[in-house]
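Enquirer: With the working numbering applied, the sequence shown covers 255 to 347.
Don't be surprised by glycine CBs; every beta carbon is placed ideally from N, CA and C.
None of the values given here were measured: they were computed from a predicted structure.
Please find one structure pasted underneath; my questions will follow.
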Amino acid sequence: MSNAMDTAQQPITIEYLLDTLFGVNALTTECLAQKIDKAPGFQLRLAPPWPAQLKHAHSIAFEWHGSACRAVVQHAEPLPGGDLLLDIEPQPR
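This is the structure we're talking about:
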């Protein structure tokens, strides 16, 4: 069974939460992304440049083709080509 992938990169704005010694910081970044469906959630493959602290985010929010998505980041992996692969678990609205 293959994963369904939206092969076109789409510009998205990602709002993400990052834990620090002084509490949680809410940050925002814009990047190009591909969405890959993978049970039970999906993956986002982000093209560079992306902020280094994004790989440490614990939750994110963004819109994909007009639909809002809030999710928990299960795993983040920088790839050899410079992309960032996020394993995402969608959360109920």
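(1) To the nearest angstrom, report how far apart G295 and L281 are at their CA atoms.
(2) Mapping the DSSP letters down to three states, classify A306 as helix, strand or coil.
(3) Considering only residues of the same chain and omitting the five flanking positions on each side of C285, which have a CB-CB separation below 6 Å?
(4) Grouping DSSP H, G and I as helix and E and B as strand, with all else coil, what is T345?
(5) Quick one: what does DSSP say F296 is sitting in, helix, strand or coil?
(6) So for G277, helix, strand or coil by DSSP?
(7) Which residue marks the beginning of the beta strand (DSSP E) containing A330, and which one marks its end?
(8) Please report the straight-line C-alpha distance between G277 and D341, rounded to a whole angstrom.
Expert: To lay it out plainly:
(1) Straight-line Cα distance between these residues: approximately 23 Å.
(2) In the structure shown, A306 adopts helical secondary structure according to DSSP, grouped into three states.
(3) Cβ neighbours of C285 beyond the five flanking positions: L300, W304.
(4) It is Gln, not Thr, that sits at residue 345 in the sequence shown. In the three-state reduction of the DSSP assignment, Q345 falls in the coil class, being assigned neither a helical nor a strand state.
(5) DSSP places F296 in strand when its eight states are reduced to three.
(6) Strand at G277.
(7) First-last of the beta strand (DSSP E) with A330: 321–332.
(8) Taking the straight line from one Cα to the other gives about 24 Å.
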